[in-house]
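*Asks:*
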Amino acid sequence: MKHSWAAGLAFIGIAACTSSIQTTSGADYLARYDGSYEVAGGACGSDTDADVKRIAAIEPDLHFPARIGLARIGPRGNLAPVPASELAIWGDLATSLGEAYGEFVPVSPMIAAMVSDEGEGSSREVIDHIRRGAARQHLDYVLVYETASESRNASNALALADLTIIGMFVLPSRDVKAEATASAILLDVRNGYPYATLTAFADRKGLSRAVSSWSTRQELAASAEEKAVLELANDVRDTLPELAKATKTEAPLEN
Numbered sequence: 003m004k005h006s007w008a009a010g011l012a013f014i015g016i017a018a019c020t021s022s023i024q025t026t027s028g029a030d031y032l033a034r035y036d037g038s039y040e041v042a043g044g045a046c047g048s049d050t051d052a053d054v055k056r057i058a059a060i061e062p063d064l065h066f067p068a069r070i071g072l073a074r075i076g077p078r079g080n081l082a083p084v085p086a087s088e089l090a091i092w093g094d095l096a097t098s099l100g101e102a103y104g105e106f107v108p109v110s111p112m113i114a115a116m117v118s119d120e121g122e123g124s125s126r127e128v129i130d131h132i133r134r135g136a137a138r139q140h141l142d143y144v145l146v147y148e149t150a151s152e153s154r155n156a157s158n159a160l161a162l163a164d165l166t167i168i169g170m171f172v173l174p175s176r177d178v179k180a181e182a183t184a185s186a187i188l189l190d191v192r193n194g195y196p197y198a199t200l201t202a203f204a205d206r207k208g209l210s211r212a213v214s215s216w217s218t219r220q221e222l223a224a225s226a227e228e229k230a231v232l233e234l235a236n237d238v239r240d241t242l243p244e245l246a247k248a249t250k251t252e253a254p255l256e257n
C-alpha cells in the first residue's frame, strides 16, 4: 500500500533508494520442471540441475507482527553491534510503523558467538552466523545491513561498491556524486528466504523530505553514512507494507 509520502522517496541530488521484493513460491517454480528439462540435461541430469531444484525448494512465510532482527555488518565484514545513532533511527522507524509490524531487535554478536563460530569469511559464512544468532534470540526475520563511503574518485564508478557482504543492489551512474551507501537484505531466519534487497544513497547536503516527515534524527545525522542508514530505514518503511500486501498479511501503517 503506497502512501503520499512515498512520492518523496527521494532525491538528495540522486535517487535515494532502490529496492526489490520477493514473495514467490518454490513449489510453484519447481512445478514448471517437466520431462523436457531432464531430456536437455541427460538421462540423470547434472549436479547443477539437482542443486538448482534443491535451492529453489523454499517458501515464503511472512507474518506480522514479527520480531525483526537488525544485523549490522562492521568494517571487517563481521557481525558488529548496532551503533547508538543507528539504533535511534531504527527506533524512530518502529514508532512510525506501529505495533502492527512488530519490533526491531539488534542481533547480539555475543549471543551469536555462543551458538556459532564467528563468520568473517565468505558472505555465506557471515549470513549463516547471523541466522544462528538470530535463531537463539527467537527472531522471525533479520535485516542484514552494511554501509560504505565513497573514495570520491569521480573516474571510478565502482569506488562506492566496496560493501563486503551484501553488495550494492544498483550501482549509481558514473556522474553520481553520492558520498555513502547502505545496503540491506531481509531474510527469513528459519529458512533463509530473501524477502527484499535494498540500497540507499546519501551525501552531506541533506535528507529527503520523506525521511524528515517521520524521523527525529534528520538534524542529528553526523555523517553521510548515517544519512544513508536513514534513507535505508525510509525504504524499509515503504517495503514492509508492500511485502505484507503481497503475502496477504497487510497491517496498517501509522502516520
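So that you can map any letter, position 228 of the sequence shown is 230 in the working numbering, and since no number is skipped, the others follow by simple counting. Just so you know, even glycine gets a beta-carbon here, dropped at the ideal spot from N, CA and C.
Taking the alpha carbon of Pro-77 as the point to measure from, which residue in Asp-237, Ser-225 and Thr-149 has its own alpha carbon closest?
*Replies:* Here residue 77 corresponds to residue number 75 of the sequence shown, with the count starting at 1. Closest option to Pro-77, Cα to Cα, is Thr-149.
*Asks:* Indicate whether Ile-60 and Tyr-143 have their beta-carbon atoms separated by less than 8 Å.
*Replies:* Numbered from 1 along the sequence shown, position 58 holds the residue referred to as residue 60. Numbered from 1 along the sequence shown, position 141 holds the residue referred to as residue 143. It is not a contact, given that the beta carbons lie outside the stated cut-off.
*Asks:* Hey, does Phe-106 have any beta-carbon neighbour from chain C nearer than 8 Å?
*Replies:* The chain labelled as chain C is not found in the depicted structure, where only one protein chain is given.
*Asks:* Is Glu-101 buried or exposed, if buried means 16 or more other CB atoms sit within 10 Å of its CB?
*Replies:* Position 99 of the sequence shown, counted from the start, is the residue given in the question as residue 101. With fewer than 16 other Cβ atoms within 10 Å, it is exposed.
*Asks:* With DSSP as the reference, identify every bridge partner of Asp-190, one or two as the case may be.
*Replies:* As a first step, residue 190 is located in the sequence shown; it is residue number 188 there, counting from the start. Asp-190 pairs with Tyr-143.
*Asks:* Measure the CB-CB distance between Ala-114 and Ile-129 and report whether it falls below 8 Å.
*Replies:* On the sequence shown, position 112 is the one that residue 114 refers to. On the sequence shown, position 127 is the one that residue 129 refers to. No. Outside cutoff.
*Asks:* Measure the CB-CB distance between Thr-201 and Ser-225 and report whether it falls below 8 Å.
*Replies:* For the purposes of this step, residue 201 is taken as the residue at position 199 of the sequence shown. For the purposes of this step, residue 225 is taken as the residue at position 223 of the sequence shown. In this structure, Ser-225 does not lie closer than 8 Å to Thr-201 by Cβ.
*Asks:* In terms of DSSP beta bridges, what is Val-107 paired with?
*Replies:* Within the sequence shown, residue 107 is the residue found at index 105, counting from 1. Gly-71, per the DSSP bridge assignment.
*Asks:* Thinking just about the alpha-carbon of each residue, which of Val-54, Tyr-147, Leu-245 and Leu-141 is nearest to the one in Ile-75?
*Replies:* Here residue 75 is taken as the residue at index 73 of the sequence shown, counted from 1. Out of Val-54, Tyr-147, Leu-245 and Leu-141, Tyr-147 has the C-alpha closest to the C-alpha of Ile-75.
*Asks:* With three or more C-beta pairs closer than 8 Å as the rule, is the stretch 79–92 touching the stretch 48–60?
*Replies:* In short, these stretches do not touch, since the Cβ pair count stays below three.
*Asks:* Thinking Ala-198 and Ile-23 are a contact (beta carbons under 8 Å), I'd like their distance in whole angstroms, please.
*Replies:* Walking along the sequence shown from the start, residue 198 turns up at place 196. Walking along the sequence shown from the start, residue 23 turns up at place 21. The Cβ separation is near 5 Å, so the contact holds.
*Asks:* Which of helix, strand or coil does DSSP assign to Ser-48?
*Replies:* Walking along the sequence shown from the start, residue 48 turns up at place 46. DSSP places Ser-48 in coil when its eight states are reduced to three.
*Asks:* Please say whether Ala-204 and Ala-230 have beta carbons closer to each other than 8 Å?
*Replies:* Sequence index remark: in the sequence shown, residue 230 carries index 228 (1-based). Sequence index remark: in the sequence shown, residue 204 carries index 202 (1-based). A contact, by the Cβ cut-off of 8 Å.
*Asks:* Buried or exposed: Asp-119, going by 16 or more other Cβ atoms within 10 Å of its Cβ?
*Replies:* Position 117 of the sequence shown, counting from 1, holds the residue named residue 119. Under this definition Asp-119 is an exposed residue.
*Asks:* Give the range of the alpha helix (DSSP H) segment to which Ala-59 is assigned.
*Replies:* As a first step, residue 59 must be located in the sequence shown, where it is residue number 57. No alpha helix (DSSP H) contains Ala-59, which DSSP labels as neither H nor E.
*Asks:* First and last residue of the beta strand (DSSP E) that includes Leu-200?
*Replies:* Mapped onto the sequence shown, residue 200 falls at position 198. Segment 196–204, the beta strand (DSSP E) holding Leu-200.
*Asks:* Which residue's Cα is closest to the Cα of Ser-98: Leu-32, Ser-217 and Thr-183?
*Replies:* Counting from 1 along the sequence shown, the entry for residue 98 is found at position 96. Comparing Cα positions, the closest option is Ser-217.
*Asks:* Please name the residue, chosen from Met-112, Phe-106 and Ala-182, that lies closest to Phe-66 on a Cα-to-Cα basis.
*Replies:* For the purposes of this step, residue 66 is taken as the residue at position 64 of the sequence shown. Cα-wise, what sits closest to Phe-66 is Phe-106.
*Asks:* According to the neighbour-count rule (16 or more other Cβ atoms, all chains shown, within 10 Å of its Cβ), is Thr-117 buried or exposed?
*Replies:* Locating residue 117 in the sequence shown gives position 115, where the first residue counts as 1. Here the sequence assigns Val to residue 117, which means Thr is not the residue at that position. Exposed, because fewer than 16 other Cβ atoms sit within 10 Å of the Cβ of Val-117.
*Asks:* Return the CA-CA distance between Val-54 and Glu-228, expressed in angstroms with no decimal places.
*Replies:* The count along the sequence shown starts at 1 and reaches residue 54 at position 52. The count along the sequence shown starts at 1 and reaches residue 228 at position 226. Computed Cα separation, rounded: 38 Å.
*Asks:* Alpha helix (DSSP H) containing His-131: first to last residue?
*Replies:* By one-based count along the sequence shown, residue 131 stands at place 129. Start and end: 125–138.
*Asks:* Do Leu-245 and Leu-72 come within 8 Å of each other at the CB atom, strictly closer than that value?
*Replies:* For the purposes of this step, residue 72 is taken as residue 70 along the sequence shown, with counting starting at 1. For the purposes of this step, residue 245 is taken as residue 243 along the sequence shown, with counting starting at 1. Contact flag unset, no.
*Asks:* Using DSSP bridges, identify the partner residues of Ser-150.
*Replies:* Taking the sequence shown and counting its residues from 1, one reaches residue 150 at position 148. A small fix is needed here, since residue 150 is Ala in this sequence, not Ser. Answer by DSSP bridge pairing, in chain order: Thr-183.
*Asks:* Comparing alpha-carbon positions, which option in Asp-94, Val-191, Ile-57 and Tyr-103 lies nearest Lys-247?
*Replies:* Working through the sequence shown from its first residue, we reach residue 247 at position 245. Here the closest residue by C-alpha is Tyr-103.
*Asks:* Do you know offhand how far Pro-243's Cα is from Arg-192's?
*Replies:* Counting from 1 along the sequence shown, the entry for residue 243 is found at position 241. Counting from 1 along the sequence shown, the entry for residue 192 is found at position 190. Going from the Cα of Pro-243 to the Cα of Arg-192 covers about 21 Å.
*Asks:* For a test of the three-state rule: what should DSSP assign to Ser-22, helix, strand or coil?
*Replies:* As a working mapping, residue 22 is identified with position 20 in the sequence shown. In the structure shown, Ser-22 sits in a strand (DSSP, three-state: E or B).
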